[in-house]
Each structure stands twice: as C-alpha cells, then as structure tokens.
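Notes follow once the structure below has been shown.
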Amino acid sequence: MIPIEAVVGLGLLIFTVGLAGVLVRKNLVVMLMSLELLLNGVNIILAGLGRHLKSPRGSIFALFVIIIAVSEAAVGFALVLAYFRHKKSYDTDVLSDLKG
Amino acid sequence: MNILGVPILTFLVFFPVAGMVVILFLPGSRTKAIKLAANIFTGLEFGATLLLLTRFDAASGDMQLVERLPWIKAIRAQYLLGVDGISLLLVLLTSLLTFIATLSSWQAVQKRLKEYYVFMLLLETSMIGVFLALDMLLFYVFWEVVLVPMYFLIGIWGGERRLYAAIKFFLYSLFGSVAMLVGILVLRSQHQTFDLTAMVAAGSVIPAALQGWVFLAFFLGFAIKVPMVPFHTWLPDAHVEAPTAGSVLLAGVLLKMGAYGFLRFSLPLLPEAARRYAPVLVVLALVAIVYGALVSLMQKDMKKLIAYSSVSHMGFVILGLFVLTPMAAKGAVLQMVNHGISTGALFLVVGVLYERRHTRLISEFGGLSSRMPVYAAVFLVMTMSSIGLPGLNGFIGEFMILMGTFPVSWLWTAVAATGIVLGAGYMLWLYQRVMFGKLSTPANESLKDLTFRELATFLPLVVLAFWIGIFPKPFLAVIDKPVEKIIRIVNPAHFEAPR
Amino acid sequence: MITLAVFALFGVLALAAAVLVIVQRNVMHSVLYLAFTVLATAGVFFTLQAEYLGAIQILVYGGGIVVLYIFVIIIVNLKEIVPERRKLIPKLFLVAVPVLLGAEVVTLVLRTGFPVAAACDEGTRFKEMAEMLLASYMAPFELASVLLLAVLIGAIIVARRKHIDDPD
Amino acid sequence: MFVLIPLFPLLGAAVNGLLGIRFFSRRAVGATAVGAVGLSFAAAVAALAGLLRSAEPVLVKTFFTWIPASVVRTAGGKAVPFALDFAFRYDSLAAVMTLVVTGVGLLIHVYSVGYMAHDRSYARFFAYMNLFTFAMLILVLGANLAVMFIGWEGVGLCSYLLIGFWFTKDAAADAGKKAFITNRVGDFGFLLGTGLLLFALGTIDIAGITAAVEGGGLATGTATAAALLLFLGATGKSAQIPLYTWLPDAMEGPTPVSALIHAATMVTAGVYMVARLHALFSFSGTALTVVALTGAITAVYAATMAFVQTDIKRVLAYSTISQIGYMFMGLGVGAYAAGIFHLMTHAFFKSLLFLAAGSVIHALSGEQDMRNMGGLRKRVPRTYLVFLVGALAISGIPGLSGFFSKDEILASAYASGHYLVWGLGLAGAAMTAFYMFRLIFLTFHGEERLAPDAGRHLHESPPVMLVPLQVLAGLAVVGGYVGLPRVLGGGAWFARFLETSTGAHESHLAAGTEVLLMIVSVGASLAAIYAAWTIYVKRRGEPARRLAGKFKTVYRVVSRKYFVDEAYSRIFVGGVIAAGRAADWFDRRVIDGLVDGAAGLARRVSRLTILFDDGVVDGAVNGVGRIHLAASSLLRRLQTGYVYNYALAVVLGAALIITLVITVF
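Protein chains in written order, with our numbering: chain A, 1 to 100; chain B, 101 to 599; chain C, 600 to 767; chain D, 768 to 1432.
Pasting the structure below:
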C-alpha cells in the first residue's frame, strides 16, 4: 500500500515548487500557473488522507478545491486581460500603482 | 381643586411654560402678537393666583393644597408642592410684578422680542416654583433655573457693561447655591428624605455641631441672594445693567428668595444653630441697613441708588427674621412684600425716565415736577412708601420689625432706626434733585407725562401701597399662623409664661 | 506493490513537470508542462483509489483550465519574453523561503504523526462518496454552483473591452 | 360726632388733589378747601358741645384692628398678645386742639384764597393745606402712639410739600428737605420711645399708658428714658433746642403756610404730645425738669437771635421758637393747663402776626427785608392796626390774651419753686416785647426806605385777607378771658375744663404774690417797649448801629445764629456725606476690588495653566504625534507596490507562525 508519508511528502513538494514559482517568476501568467500547482499539491494531500482514513471526505474536499481553483483561474485571467489592455505588459514590477 | 383638570399649584408653576411654547410658535416678525400673548399669559397667571387666594384658608398654619408625586425614586426625591401663608403672599407678589413688568416693557424692548418674553415667562415659572416647592431638591432646581433667564435678560437687553454684570451675577449666585446644595445633601443624609414637612415634623434630630455647618452652608447660599453686606456687590451692577422689567423682578422677587430661604429652611430646620448665630446675622443686618443707606447717598445713577436702598431695606427684613420674635418676623415677611411693591415701582419710575431720556444720571434731570405732575405724584407716593411714611405700606413693616426688635435689644432698634433717618435723607435728596429745582437741560422741557399704559402699570402698586398701609389686616392674618409656627420652633422661650 | 510503483512514477513525473513549469523562459512551454503536471496528479489520484477525483481532475483541470491558459496566451499573443532581470542571489533567497516553509511543515507533521485508521470505515467507494456529497455536504455543493455562476459573470465583465457608452 | 372732624379735610384734599388741579376753576378750588375746613370746624364745635353734655370725660371710637395681635414679651417677662387698633380718643384736650386747628385753619384758608390768588398751582396748594389739616387732626385725635405717629409723619410730609411749594426755588426745596429730615431725627426718638413703652408696658394706648403709670407698673428709669425719647421727638416737631434749625429756613414757604404750620398747629404738636402723656412725664421728675429747662433756655436763646434778624418772617420764626419754649416751660413746671392755654393764645396772635406780615409782603409785592421798609403806618393803616394788636398781645400787655397765658405760666413756675425757670421766663418776656416793637418801629414807623419799584403800587390788602386778620385780632384780645385767673376775679374756667385730661395742678399762690408777679412782668415788658422806642424811633436806630459797631464780634455771632446751622451741617450732614463717601469708596474699591481681584487672580492662574498646558501636556501629545509620523513614513516604504513582496511577506509570516508553533508546543 502507498505509505501516507509519501503522499503527503509529494503533495508538499509540489506545493513548495508552486510557491517558489509564485515568488520568483515576474511574469503574471506563470504566477497563475504556479498557483495552480499549489492547489494541485493540496489536492494530492487531501486525496492521500482520504484514502488513509478510508472516508470519501478527502476527495469531496479536493473536488471543492478544484471548483475554487477553476473560479480563481477564470477571475485571474479576466484581471490579467484587463490589466494587459491597460498596461501593455505582464511585468509585475510595473504593477506598483498601489505604492504607499 | 384644579383648573382645567390640572392641580392648581402645578398649574401655577407650569402655566407660563405653556405661554412660552405659544410664543415660540409665533413668527418673530409679528411683534404685536407676541407682546399681546405674553401679557395675556402673565395676566391669566395673576388671575390664577387670585383664584388660589379664594381656595386658601388662613386659619391653619401648615401647608395646604399639597401635591405629591414620586420624582426620583432612587433618592426618594418627590415632586412636592404646597402653599402656606408666606409663600401665598410671595406668589401673589411674583405674579403681579411679572404681569406689570411684562406690561411695562411694551415700548422698552425693541430687539429680539420673542426671546425676551420667553425668558420672562421662564423666569416667572422658576420664581413661583421656588416659593411653592417643598421638596428641597425641587426647591434647589427651581433656585438654579431662576439664574438662567435672569442671566440672559441682563446679558442681552442690558446696558453698556451688561456682560460683566450678568456674569458677576451668575457666578455670585451660583457660588452661593452650590454651598446651599451641600447643606441640602447633609440634611438629606440626616433625615433620609428631601420632604421639608417631614423634616420639620421630625424636629431637631440633627446634632448641634452639624447644624452649625449646615447653617453656614445655607447662610452662604441665602446671604448672597438677599444680599447681605459682604456679598452684595453684584446687586448694583446687575440692577444698573438690567432692563427695566428685569430689575423690577430682580428687586421685587429674586431678593426675597434669600430671605424666604432663611425663613423656610434655616430657622425651622436648624433651630439651635439659628439661635446661636442669630446675633451675628443681626449685626450683619444692621451693617447692611446703615452701610446700604450711606452708600446710596453718594450714588449718581438713580438705579444704583435704588439698588443700594434695597440692600438697606433687605437688611431690615433680615433683622426682623433673626430677632426671633413673632411680631418682628411677621413684620419682616410683610416688609418683603412691601419692598417688592415700593422698589418695583421705583424701578418702573426710573424706567419711565430711561425710556424718554436714555440716561439714568441724576444730574441730567431736574424740575420735572412742573412738566410731569402725575409722574411726580406717583414718584412721591413710592418714595414715601419706601422710607416708611405711616399710612403707607413701608411703615407697617418697619414699625412691626422695630417694635419686635425692641424687647430683644434697644441698641439694635436704635441703630436700625437710624436707617429710617438715612433713608429719608437719600430718597428725598433723590426726589428733590430729579423733580424739584429748575428745568436744567432743554431736553427735559419736552418730556411728556405718563401715558395711560404706564399709569396702568403703576396703579395696582399705588393702590396696594395704600391698602397695606391703611388696612394690613388681611395680609397679616394670612401670614400670622405660619410665621408663629416657625418662631415657636426656633424660639419657644418667647411664648412660655414667666416662671 | 504495483500501485506503489505506479504511484512513485506518477509522483516523480508530476514533480519534475512542476519544476519545469516555473523554470521555463517561454510561457507556452510552461503551459504545456502545467498540463503534464495535471495529468500526472490525476494518475496519482487513481493510485489512491480516488477514481472519481482523478476523472474530475482530467476533465476539469486538464480540459478546462489548461486549455483556458492556452487560449489566453494565444489571444494575448504574448511575444515579448519578460526579461528576468533579477539577480541570482535574491532568486535563491526567494526559493529558500518556500523550501524553509516546507521543511517546517514536514517536521510538524512528523512530530504529530497521523491518526491510526479512522474508527468509522465509510469506505472510499464512489457510491458512499456520492451519498455523502449529496447528504451532509448539500449546502457547500449548492454554494459551489452559485460561486461558479458568479465567477462566470464576473470574469466576462472584467475582461470585456470597455465601450465608450459603458456606464461604469 | 368727632369722627367727622378729620373726614372733611381729607375729602377736601382728595377732591382738590384729584379733580381740582385739572378741572376746577380757582373759585371752585377755593370753595371746596375753605368749605372742608369750615365743616370740620363746625363738627369740632358740635363735638365740644357733645363732650360738655356727655357724662364721661373721654370718648373712644375704635374703627378696626390695624395690626393684628402677636405675642410680645414685656420687660416683666410676661408674654402679652399685643394688637394695634386704629382708634380715635376725644377728650377736653383734644377738643381744645381740634378747635384751634380747625378754627385758625379756617381763617388761614380764607386768607390764603386772597394771598395765593395769582399763584399758578393754586389747586395743588389747597390740596396740600387740606391734607395738612387732616394729618394734624389725626395726630390730635389719635388714641395710641401709632395712630398719633401717622399724623406726626403726615404733618411732616405736608410741611415738606408746603415749604418746598415753590419747588423751582432751590432754597425752598432744600428747606423742605431739611425740615423733613430734622423731623425724621425727632421721629427716630419718638419711635424708640414708643418701642420702650411697648416693651415696658405691653401697650402703647394712651389710656393704657396713663393707667399703667399711675398704677405704678413702671420703673422710674424706664419712664424717664421713654419720656426723654418722646421729648426728643417733640423738640424735632416743635423746633426746640437741639432740633430747631429747620424752622427759620421754613420761611421759604408761602406765608399762610408759615402761619398755619409754623405758628398755629404743627409746631404745637410736641406740646400736645407732652400734655397728652402728662402722667408719664410727671411720674419721672427728671424728665419734667429737662422739659422746663429746655423750654426756658430755648425761649431766651431764640429771643436773642430775633434781635438781629432783618427778614420780617425770620423774626416771627424765632419768636415762635421762643414762645413754644414758654409752652414747654409751662408743661415742665407741671402746669399743663397753662401750657395748653398759652398754646391756644399763641395760635391766635402768632398766626395774626404772620398773616399781617404776609399782607405787608403782599403789599410790597414780595419785599421781606425790614431795612427796605419803614413808615408804612400811613400807607397800610388797617394792617398796621392788627399788627399792633398782635404785638401788644405777644408782649403780654394786660387786657390781651398773651398777658393771661404768659402770666399763668410765670406764676406756676414761681409757685412750683423753679425760680431759675421763672427768671429766664421773665427775661424772655422782656426780650419778646423788645424785638416785637423793634419790628413794628422798623416796618411801620420812621422814614420810608422803600425800594423804588416796591413803593409804586403799594396798596392795602383786599378784604378777603383783611377780614380774617381782624377776626384773629379780636380773638387775640378776647381769647385770654377764657382762662381769667381767680386772683383777677375769673373762674380759671379753662384750667378746670382741661383738668379731666391733663390732671389737676392748681398752683396755690398767695393772691398778693401773684399780683406782684404780674406787675413785675408787665413792668419789664413796658420798659422793653420804651427802650425799643427810644432806640429805633427817637434816635432812628443810631444806638443800634453804634452798639453793633462796638460789640462787632458779639453782633456777628448772634446775627449768624451762633453758627449753629453751619456747625450742624458740617457735623451731621457733612459727617453723613463723608461716611457715605467712605462707604461708597470702600464698596467700590475694597469689595469690588476683592471680587475683581479674585477674578484677576483667576485670570492669572488660568494663564499659568495654559502655559503648563501648552508646554508640557501639548508637548507630550505633539511628541507622540511626531513619533508616530516618523514611524509611519518608515513603514510607508514597505508598501513597495510590488505584488511579490506582499506574497513574500505572507509566506514569511506563515513561516514565522509555524516556527512559533513548533518551538512553543
């Protein structure tokens, strides 16, 4: 059987990679993609635990996470498009209108 | 017994408030309507007090027509009104003087008419409230409320230095009433209630030492109001700067609140302290009589002169109260009413001249008697009443006070009697400089005599002056029992047969 | 034993793809690797006997989101390559932080360990999941549908090309 | 019946006062005034008749309780209810007084119809005169001291109004004020006396007092004190030493006023009061002697001043003071009836003299200074005749009323052993004769020293003035026979009539000595008249001028009325004003100073607190503010606006929390 530690480890790794992606990459689209990675990591962990505890709750949660991910991606892109039309660039550095 | 469904005392106290509301709703522009409304309300109020007179039975000495409603249960403060002979007379005086004052300010006041009459009615409410309240807290509330309208009356419609005078008046009285409040609270702690009748019934349950302190607190509060000599400097300023109607009420009623306070609270509730401090107050009263008379000799402003004469007259009242004999005390109460009538009229007299010449300096006038004979007659009657000419009201009061004081100490009577001589001095000198002599300035030539309205304001006062002078029996009968009751508490030795 | 092997395979694939997604210069390549990662995780789901989830993953994630990315990139015809001006040290620092975070979580998990098999064996079959989904999780289920509708409208409005006569 | 006596003048005063001034013609005003006093006189006569017929000597009429009862503690410690009734008392003394007041008053009213004919405020004058008569009658009829006090002050008020009648003249207004205030000082004594009696006896009713005193319920000390206090009041009203200074100035008023008030009625009020309380005064011996001495000294003292007066009315004023001194002398020696008798006769001839002087002044259209008169005998013969009768009466020439009343007093003085008083009286009589005839010789005899315009339309007074003068002259002659002494065959009817109300004081003197005394006093008077004649007629006033020249200082002192006026005004009036000024200064500076000082102090303290407030407190507050600002500007830089910084911050935060969880748990 698959040891639970492995599953959680894998999920966590993907999560970390996603997080690094978000922090490192300046390109907005790539950041969004890293975001998706994050969520996938979480799903893996959820699925693993679901199986480990032999209850369907894990996968139900994962399902909901996916729904959230979908909506987040949609809104993300809408913003990106709007932003792109406005600023002609994806570079997050330009994005500093909110300077304090 | 009630009018329009409202118990009579409450009606008396709050009817002017109804007047205020009506006037508030009248548009500011329609001055005639406002003036009319004000006069109607004060007139009806006076009518109501006459109605109260019919309900009042002079035989019993204790409180009548008592109205009792719980007010603040937590501290057992009640909305408690009652009337006995003393407060009946003072209420009658208040409503009469307010009616006359309102009538007299028909031409006198031109600017901000609405507020003027609103304050006047508020003043009347609070004054009558003071005289009818039996619950000490309620008494204190009305006592404070009186200050507010008077402050504005002086502050807005006054003379040049009106702000100084108004503030001085307000702070002085406030200082006094704060001390009084302390006294009331101490009494409350001793008697567990604010109800005056209960406190009096309970007798002197307060230890003598504490009584001394409470008496001192009350003394401060009332002495400033009377005013007694060291605390009197607010009076001339307040009078000089107040508008005519204001000073009529200030002299006619406000000064009586102090003396009323002494008689209603200090004497019955603190008998031992009253007996112990009586000589001190008598000396202060004598000083007031002589000092007031002397200072008024030197005044150049008519109102200031009359103000200082009030200090002297009120000195007589305090003397009458603190000699602790029934005759003197009754004389003192009657003298309160007389002083209200004569000084009120004198201020109206000055007001008439002020309206015509806009000055109160005696040097500005002279020889008016030829131009204004009726005015001269009224002024003469009031001057004679003020210096206590027999046949007029002043004499009865002074005679009873002096005859009451004599058994206690002939020296006191002698000093007080000099007050009469000095009184004749400064009043006649005033009358002579204003009315006799030659017509000094051309402006005086064109002075016209009293109009019918002005005469109407004087008529009731002149009639009362003669009535009390010749037949004071009804007035004295009313105050006979209550005063005797109070004196019996304070000075029982007076009534016992010689052992 | 085989499932373990399959699990390991898919796991490594997913991880590699993930790393490549964030490393790639060209966005198009990143998208492709993202698709690859998604499919790998679907495989993992299958090994964990969460078949329904895996199917959903492939359908929704793979079909939906990845395709969406592709469209967006094509529409926006993202030509210029955003120069990564940042120097290496800050980059390393930036990578170190998530790694640090990951390490901490691991130590935390290890310390607490996992609860022994749950007392209630509700079974992971698809039937039990469906029943539970539509019983105790009915509210979130409905809310999810509402959420999706809201996002649908929101995305359209935000992304729309502004016309002059538009009110806002 | 006697109740009506005061009622008529009151009605007359009211009618004239309220209606007369505006609506009545001069004739109507005159008619109402004279009518009122006339009716009152008739009522007085009727009342007298009633009294003579009625059995008991005293009639008391109580109208109403004036001041209701209240308990009073008397000296003996008794708690007695004391009430005051408004009541009248009519007895023989009151009868005499009412007759004098209304009778003489009537004649004076008739006279003043003519005298005041062309005065502008005619009605006001008569209103005051009627009011005065009413007040005097109240005084005379009062049953207790309080009611008497109403009349007492009422009379004072009317004299104030009448003296200051021509108020446009400052001198008149001042004289009025001076009169009222001096009277008021007297009333001060009266009130204290009343108070003492109330305290000692518990009553101030005259009958009560007389009964209590005769019953011995009073200590002599208190009796003397009360008597002296009341006497102080009497001196104020009757212008004796020390309160006489107002009478000479009172001459500013119209002449009929002087006649009525300062001759016949008001000034006699004091005498009446002492006579009314004769029981009290005779009970305390010292009080009596004080009265007698004051009377005697005043008589002589006033006479000296009359010597040097040049104003005709002032001479008569001092003569009045002197004559009232005689009355007090009579009372002082216990001969109350004699005192009152002199009061009556004095009322006749003194008002005659005043009115005659009035007609002289009227004739000379206002001239009052004797130096510009002289030789009027021929010009106004009838006035001269009545004037002469008056002068003879006052000098005590036998056959005229003055002789009988004055001798009665001198005889009683001698009989009761007051030789000093008798001596002074005799001297006074001589001096009176001297200055009266000095006046006559200066005004009526010798050459005319008239001012040019005065002489032109010099005319005899109209009959409306002369008739009353002649009636008074008749009374001045006949009046004396009412009290014809026994030694001259008379029944001393007057004394017996007054016995009922003033007690029996028959001075039993041997007939011979009494006649001797009469001869001595008549001789003295005649000598004085002869001396006056020689000085002023034969040598035309030469010796007077020489004498004045020699004794310049004495002359100046006497003519300046011993500087008493100046002394009074400086000591009393000046003292009071100085005290007033000091009190006023004290009031303004010290008390207001204190109050304003307190206000100033409060202002300074508040300024301090403001400084403290700005410096320290605000400082701290602002300090915090500044720190805050600096910190926030620092923090501001954190908000770089770069998205990834925020992401980093989030992650860092999470990391920190987890490390915290690990380390803690």
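Glycine included, each C-beta is placed from N, C-alpha and C at the ideal position. Just so it is clear, the structure is predicted and the values come from calculations on it, not from any experiment.
| query | result |
| --- | --- |
| Cβ-Cβ distance between residue 315 of chain B and residue 370 of chain B below 8 Å | yes |
| Status (buried if at least 16 other CB within 10 Å, exposed otherwise) for residue 591 of chain B | buried |
| Rounded distance between the beta-carbons of residue 866 of chain D and residue 773 of chain D, thought under 8 Å | Not quite, the Cβ-Cβ distance comes to about 14 Å (not below 8 Å), so this is no contact. |
| Residue from D:778, D:965, D:955, D:1009 with nearest C-alpha to residue 990 of chain D | D:965 |
| Sequence ranges, alpha helix (DSSP H) only - wholly within the stretch 341-373 of chain B, length at least 4 | 344-349, 355-361 |
| N-terminal and C-terminal residue of the alpha helix (DSSP H) that residue 205 of chain B is part of | 185-208 |
| Classification of residue 848 of chain D by the beta-carbon crowding that lies within 10 angstroms, buried from 16 upward | exposed |
| Proximity below 8 Å, CB of residue 519 of chain B to CB of residue 427 of chain B | no |
| Residue 633 of chain C vs residue 671 of chain C beta-carbon contact at 8 Å | no |
| Residue nearest to residue 208 of chain B in terms of C-alpha spacing, selected from B:441, B:455, B:172, B:181 | B:455 |
| Residue environment, residue 1085 of chain D, which counts as buried when at least 16 other CB atoms sit within 10 Å | buried |
| Residue 833 of chain D, DSSP secondary structure in three states | strand |
| Whole alpha helix (DSSP H) elements within the stretch 631-708 of chain C, 4-residue minimum | 650-655, 666-675 |
| Bounding residues of the alpha helix (DSSP H) (the contiguous stretch that carries residue 1013 of chain D) | 1013-1016 |
| Nearest-angstrom beta carbon gap, residue 942 of chain D and residue 931 of chain D [assumed within contact, 8 Å] | 7 Å |
| Short Cβ contact (8 Å threshold) for residue 190 of chain B with residue 500 of chain B | no |
| Cβ-based neighbour list, residue 1128 of chain D, same chain, cut-off 6 Å, excluding 5 preceding and 5 following | 1135 |
| Coil, strand or helix - residue 64 of chain B by DSSP | A question about residue 64 of chain B goes unanswered here, because the residues of chain B that appear run from 101 up to 599. |
| Min CB distance residue 1418 of chain D to chain A below 8 Å | yes |
| Identified DSSP bridge partners for residue 854 of chain D | D:829 |
| Boundaries (first-last residue) of the alpha helix (DSSP H) holding residue 1346 of chain D | 1342-1352 |
| Assigned secondary structure, residue 1006 of chain D (DSSP; H/G/I helix, E/B strand, else coil) | coil |
| Minimum Cβ-Cβ distance from residue 1414 of chain D to chain A less than 8 Å | yes |
| is_contact[residue 81 of chain A, chain C] using C-beta, thresh 8 Å | yes |
| Residue from D:1302, D:906, D:1208 whose Cα sits closest to the Cα of residue 1142 of chain D | D:1208 |
| Proximity to residue 890 of chain D [Cα-Cα], best of D:1104, D:781, D:1401 | D:781 |
| Burial state of residue 833 of chain D, where buried means 16 or more other Cβ atoms lie within 10 Å | buried |
| Beta-ladder partner(s) of residue 838 of chain D, from DSSP | D:848 |
| Chain A contact for residue 627 of chain C (CB, 8 Å cutoff) | no |
| Proximity test, Cβ basis, 8 Å: residue 525 of chain B and chain D | yes |
| Identity of the residues DSSP links to residue 292 of chain B by a beta bridge | Residue 292 of chain B is not bridged to any residue. |
| Backbone secondary structure at residue 1141 of chain D - three-state DSSP | coil |
| Chain-ordered residues of the stretch 30-41 of chain A with a beta carbon less than 7 Å from chain C | 30, 33, 34, 36, 37, 40 |
| Presumed contact (8 Å Cβ cut-off) between residue 798 of chain D and residue 768 of chain D, rounded CB distance | Not really, about 24 Å apart at Cβ, beyond 8 Å. |
| Neighbourhood of residue 143 of chain B by C-beta distance below 6 Å, restricted to the same chain and skipping five residues each side | 199 |
| Best match in D:946, D:1370, D:918, D:916 for proximity to residue 929 of chain D [C-alpha to C-alpha] | D:946 |
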